[in-house]
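This report refers to the structure that appears directly beneath it.
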Amino acid sequence: MNAAPASPVYRIPDPLPLDSGQTLEGCEIAYETYGTLAEDKGNAVLVCHALTGDQYLASPHPITGKPGWWERMVGPGKPIDTDRHFVICANVIGSCMGSTGPASLAADGQPYAMRFPVITIRDMVRGLVALLDGLGIAKLHAVVGGSMGGMQALSLAANWPERAARVLVIASTARHSAQNIAFHEVGRQAIMADPAWAGGDYYALDAKPDNGLAVARMAAHITYLSEAGLTEKFGRRLQDRAAKGFGFDAEFQVESYLRYQGSGFTRRFDANSYLYITRAMDYFDIAEEHGGKLADAFAGTEARFCIVSFDTDWLYPTAESRHIVHALNAAGAKVSFVELAAPHGHDSFLLEHDQLDRVVKGFVE
Amino acid sequence: MTLRPDLAAIAAHVAPGSRVLDIGCGDGALMAELETASGCDARGMELDGALVERCVARGLSVVQGDANCDLADYPDKAFDYAILSQTLQTATRPDLILDELLRVGRRAFVSFPNFAHWRTRAALMFGGRMPVTRALPVSWYETENIHHVTVEDFRDLAKMKGATIERAWFFANEKQIGAPAANWRAEFAVFELSR
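Chain order of the listed sequences is Y and B. Once you know that position 324 of the first sequence is 324 in the working numbering, the rest is easy, because the numbers rise by one and skip nothing. Numbering-wise, the working numbering comes out as the position in the second sequence, counting from 1, plus 365.
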């Protein structure tokens with residue numbers, strides 16, 4: 001996008017083949033690393049980011065200035081300990097923080113916009129595997145991810161089983177449900193209904209489809225929180241007023257909060273990237289890629305798996321994690337599974353949670 | 366680390382290098398022993414999330430699940446041994462669990478408190494109240510033991526299920542005792558079954 005992230009960028013030497021049958025030429029992957037790669041290159045941990053995440057895992061975000069998105073989990077002496085492990089986090093293709101996406105320039109010197117090929121989670125992982133090749137890392141000590149990051153971890157385990165010894169999947173799923181797709185479609189339609197979207201060709205224009213993107217973020221943000229969490233945080237309390245105003249300002253605190261989340265998001269994210277990445281998630285169904293049977297996706301795997309869900313996560317509920325565990329058991333894989341209690345729904349994986357810390361530490365060590 | 370006597374008996378009789386499923390694995394003490402001392406590939410199932418967390422934190426492969434329904438996840442004969450320690454008497458349907466044990470494992474170890482131990486009998490006979498004993502320390506209204514079973518009951522169930530009792534061990538006062546009159550003398554029993 002317009003930002004100039006300071007991350008190192010790896011240019012994939014060969015054209016990247018995509019599930020759609022197309023290829024991506026000159027594909028670039030922006031990434032950050034933490035810790036030191038051991039001489040035998042055996043201590044690498046790949047952390048995969050979620051839909052609107054990026055490579056700024058444990059270092060400040062260059063646009064918002066906020067701390068890394070998982071700084072409480074990754075760092076010296078933290079559950080994913082950078083004193084022991086070499087931790088890699090890369091921006092997925094299709095995104096907008098330095099890796100090739102719809103805002104990147106195509107061969108003709110113009111932004112791809114909607115000419116960017118539709119990608120899948122497996123394509124994102126193909127890009128990550130190319131980066132690992134570039135870094136000379138044959139086998140990861142662990143691949144870790146929450147939400148869409150968990151999908152990438154599962155996809156890596158299913159399609160490149162020799163590339164990771166441990167696979168940690170948090171608050172995720174092996175397929176997008178009708179409800180998941182439905183919420184994403186609301187977001188995409190909000191973006192495309194914004195006149196400033198201009199068929200995706202807004203990069204040279206003054207106005208960006210910020211209104212549409214903000215609404216998309218607002219709708220999605222609701223799915224990341226639990227009803228009880230929202231009630232506890234906002235209830236029916238009014239924002240900066242003593243009585244209802246009989247108008248359509250953000251009168252309720254929850255409205256004000258969502259508007260703030262929405263507008264803040266437009267400062268750091270590209271609307272077209274949001275379209276492409278949500279589409280990739282909607283296409284995600286590992287079983288479908290493997291003849292319809294999820295267990296077949298993991299047949300013969302020697303990796304150890306750990307699957308974690310949260311009891312209040314209604315976006316990717318525990319039943320979806322159990323579905324993965326069932327398949328891994330059927331495949332004879334070494335799998336651990338725990339459902340953690342947390343009040344905050346899907347977003348719990350990003351928040352303070354001592355039990356999660358202990359599970360991650362114990363599994364990744 | 367010292368294992369509970371019933372677990373120690375099981376650990377001593379699992380063939381090295383076996384694939385093992387420990388159902389109701391608790392904090393993973395038996396699994397850890399089997400992995401480190403016998404080179405087994407041990408998997409666990411445990412209902413209590415806090416215990417699962419402790420197992421995962423010590424590097425064990427444990428799934429949070431309910432033995433009453435989640436054993437259906439596993440293919441037939443996926444394990445050399447299926448172990449059910451001190452859990453049979455808490456199951457909704459112990460007979461169905463036994464079927465599942467013998468389906469997923471080539472052999473099964475089952476340990477349980479013997480409700481026909483003389484202390485229990487005496488407490489019921491002379492006290493006229495549901496026994497609270499060394500082996501069964503919790504009152505009737507809060508115990509997790511909903512299907513009290515005796516050594517002889519278990520032998521009958523095994524027979525009814527067409528299972529062969531390969532071996533059995535009996536314990537009283539934390540020590541192994543002989544088989545004679547086990548139904549009177551044993552506080553705990555461990556059976557190894559096949560089918």
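Cβ atoms here follow ideal geometry from the backbone N, Cα and C, with glycine treated the same way.
1. I want to verify the contact list: residues of chain Y whose CB lies under 8 Å from the CB of R423 (chain B), in sequence order.
2. Would you report the Cα separation of R560 (chain B) and A30 (chain Y), rounded to the nearest angstrom?
3. Note down, one range per segment and in chain order, each alpha helix (DSSP H) of at least 4 residues found wholly within the region 369 to 399 of chain B.
4. Quick check for students: name the residue ranges of the alpha helix (DSSP H) that lie wholly in the region 407 to 486 of chain B, counting only runs of 4 or more.
5. For Q454 (chain B), count neighbouring C-beta atoms within 10 Å of its own C-beta (all shown protein chains included) and say buried if the count is 16 or more, exposed if not.
6. Using 8 Å as the threshold, is the C-beta distance between V338 (chain Y) and V497 (chain B) below it?
7. How many angstroms separate the CA atom of E352 (chain Y) from the CA atom of V325 (chain Y)?
8. Would you please verify whether the beta carbon of A394 (chain B) is less than 8 Å from any beta carbon of chain Y?
9. From what residue to what residue does the alpha helix (DSSP H) around R304 (chain Y) run?
10. Alpha helix (DSSP H) containing G78 (chain Y): first to last residue?
11. Go ahead and pull the three-state DSSP assignment for T301 (chain Y).
12. Hey, could you find the ends of the beta strand (DSSP E) S20 (chain Y) is sitting in?
13. Could you confirm whether any beta carbon from chain B is found closer than 8 Å to the beta carbon of V338 (chain Y)?
14. Select from the region 329 to 360 of chain Y all residues with a C-beta closer than 8 Å to any C-beta belonging to chain B, and list them in chain order.
15. Please report the distance separating the alpha-carbon of L372 (chain B) from that of P440 (chain B).
16. For F305 (chain Y) and A330 (chain Y), what's the separation of their Cα atoms in angstroms?
17. How should N538 (chain B) be labelled, buried or exposed, when 16 other C-beta atoms within 10 angstroms of its C-beta is the threshold for buried?
18. Hey, would you say E411 (chain B) sits closer than 8 Å to C434 (chain B), going by beta carbons?
19. Name the one or two DSSP bridge partners that C89 (chain Y) has.
20. Check E133 (chain Y) in the structure and name its three-state DSSP category.
21. Using the C-alpha atoms, what's the distance from R175 (chain Y) back to L294 (chain Y)?
22. With burial defined as no fewer than 16 other Cβ atoms inside 10 Å of the residue's Cβ, what is the status of Y274 (chain Y): buried or exposed?
23. Would you tell me roughly how many angstroms separate the C-alpha atoms of K233 (chain Y) and Q179 (chain Y), rounded to the nearest one?
24. Quick check: L522 (chain B) and V469 (chain B), are their CB atoms within less than 8 Å of each other?
25. What's the call for A533 (chain B), buried or exposed, on a 16-neighbour Cβ count within 10 Å?
26. Please confirm if V325 (chain Y) has its CB atom under 8 Å from at least one CB of chain B.
27. If you count every other CB in all the chains shown that lies within 10 Å of the CB of R267 (chain Y), and 16 or more means buried, which is it?
28. Do you know how far the Cα of E185 (chain Y) is from the Cα of R279 (chain Y)?
29. What do you get for I511 (chain B), buried or exposed, if any count of 16 or more other CB atoms within 10 angstroms of its CB means buried?
30. Taking the continuous alpha helix (DSSP H) assigned at A190 (chain Y), which residues delimit it?
31. For V364 (chain Y) and R166 (chain Y), which I take to be in contact (beta-carbon distance under 8 Å), what is that distance rounded to the nearest angstrom?
32. Is the region 113 to 129 of chain Y close to the region 92 to 105 of chain Y, with three or more CB pairs under 8 Å?
Reading it off the structure:
1. Along the second sequence, one-based indexing puts residue 423 (chain B) at 58. The answer, in chain order, is G362.
2. If you number the second sequence from 1, residue 560 (chain B) lands on position 195. If you number the first sequence from 1, residue 30 (chain Y) lands on position 30. Approximately 58 Å between the Cα atoms of the pair.
3. Runs of alpha helix (DSSP H) with 4 or more residues, each lying fully within the region 369 to 399 of chain B, are found at 370 to 378, listed in chain order.
4. List check, alpha helix (DSSP H) in window: 414 to 422 and 459 to 469.
5. Residue mapping note: residue 454 (chain B) aligns to position 89 of the second sequence, counting from 1. Classification of Q454 (chain B): buried, given that the 10 Å Cβ count is 16 or more.
6. Mapped onto the first sequence, residue 338 (chain Y) falls at position 338. Mapped onto the second sequence, residue 497 (chain B) falls at position 132. No, the Cβ-Cβ distance between V338 (chain Y) and V497 (chain B) is not below 8 Å.
7. By one-based count along the first sequence, residue 352 (chain Y) stands at place 352. By one-based count along the first sequence, residue 325 (chain Y) stands at place 325. When rounded, the separation of the alpha-carbon atoms in E352 (chain Y) and V325 (chain Y) is 25 Å.
8. Indexing the second sequence from 1 puts residue 394 (chain B) at position 29. With respect to chain Y, the C-beta atom of A394 (chain B) has no partner C-beta closer than 8 Å.
9. As a position in the first sequence, residue 304 (chain Y) is number 304, starting the count at 1. DSSP places R304 (chain Y) outside any alpha helix (DSSP H); the residue lies instead in the beta strand (DSSP E), whose first and last residues are R304 to F310.
10. Along the first sequence, read from residue 1 onward, the residue named residue 78 (chain Y) stands at position 78. The sequence as given places Lys at residue 78 (chain Y); Gly does not occur at that position. No residue range can be given for K78 (chain Y), since it is assigned to no alpha helix (DSSP H) and is classified by DSSP as neither H nor E.
11. As a first step, residue 301 (chain Y) is located in the first sequence; it is residue number 301 there, counting from the start. DSSP places T301 (chain Y) in coil when its eight states are reduced to three.
12. Locating residue 20 (chain Y) in the first sequence gives position 20, where the first residue counts as 1. Unbroken run through S20 (chain Y): none, as it is neither H nor E.
13. Residue 338 (chain Y) sits at position 338 when you count from the first residue of the first sequence. At least one CB atom of chain B sits nearer than 8 Å to the CB of V338 (chain Y).
14. So the close ones are N329, A330, G332, K334, V335, S336, F337, V338, E339, L340, A341, Q355, R358 and V359.
15. The residue you call residue 372 (chain B) lines up with position 7 of the second sequence. The residue you call residue 440 (chain B) lines up with position 75 of the second sequence. Answer to the nearest angstrom: the Cα atoms are 25 Å apart.
16. Looking up residue 305 (chain Y) in the first sequence gives position 305. Looking up residue 330 (chain Y) in the first sequence gives position 330. Rounded to the nearest angstrom, the gap between the Cα atoms of F305 (chain Y) and A330 (chain Y) is 13 Å.
17. Locating residue 538 (chain B) in the second sequence gives position 173, where the first residue counts as 1. Around the beta carbon of N538 (chain B), fewer than 16 other beta carbons sit within 10 angstroms, so the residue counts as exposed.
18. Taking the first residue of the second sequence as position 1, residue 411 (chain B) is located at position 46. Taking the first residue of the second sequence as position 1, residue 434 (chain B) is located at position 69. No. Outside cutoff.
19. Here residue 89 (chain Y) refers to the residue found at position 89 when the first sequence is read from its first residue. Bridge partners of C89 (chain Y): Y:E32.
20. By one-based count along the first sequence, residue 133 (chain Y) stands at place 133. The residue you asked about is not Glu; residue 133 (chain Y) is Asp in the sequence shown. D133 (chain Y) falls in the helix class under three-state DSSP.
21. On the first sequence, position 294 is the one that residue 294 (chain Y) refers to. On the first sequence, position 175 is the one that residue 175 (chain Y) refers to. Put simply, the backbone Cα of L294 (chain Y) is about 10 Å away from that of R175 (chain Y).
22. The residue labelled residue 274 (chain Y) in the question sits at position 274 within the first sequence. Residue burial is scored here from C-beta neighbours: Y274 (chain Y) has at least 16 other C-beta atoms within 10 angstroms and is therefore classed as buried.
23. Stepping through the first sequence from its first residue, residue 233 (chain Y) is reached at position 233. Stepping through the first sequence from its first residue, residue 179 (chain Y) is reached at position 179. Rounded to whole angstroms, K233 (chain Y) to Q179 (chain Y) spans 25 Å at the Cα level.
24. The sequence position of residue 522 (chain B) within the second sequence is 157, counting from 1. The sequence position of residue 469 (chain B) within the second sequence is 104, counting from 1. For the 8 Å CB-CB criterion, L522 (chain B) and V469 (chain B) do not form a contact.
25. Here residue 533 (chain B) refers to the residue found at position 168 of the second sequence. With 16 or more Cβ atoms within 10 Å of its Cβ, A533 (chain B) is classed as buried.
26. Counting from one through the first sequence, the residue named residue 325 (chain Y) turns up at place 325. By this cut-off, V325 (chain Y) is an interface position.
27. Working through the first sequence from its first residue, we reach residue 267 (chain Y) at position 267. Taking every protein chain shown into account, the CB of R267 (chain Y) has fewer than 16 other CB atoms within 10 angstroms, so this residue is exposed.
28. The residue given as residue 279 (chain Y) occupies position 279 in the first sequence. The residue given as residue 185 (chain Y) occupies position 185 in the first sequence. Approximately 9 Å, taken between the alpha carbons.
29. Against the second sequence, residue 511 (chain B) aligns to sequence position 146. Answer is exposed; the Cβ neighbour count stays below 16.
30. As a working mapping, residue 190 (chain Y) is identified with position 190 in the first sequence. DSSP places A190 (chain Y) inside the alpha helix (DSSP H), whose first and last residues are A178 to A193.
31. Counted from its first residue, the first sequence places residue 364 (chain Y) at position 364. Counted from its first residue, the first sequence places residue 166 (chain Y) at position 166. For V364 (chain Y) against R166 (chain Y), the beta-carbon gap comes to about 7 Å, under 8 Å, which counts as contact.
32. A contact exists between the region 113 to 129 of chain Y and the region 92 to 105 of chain Y.
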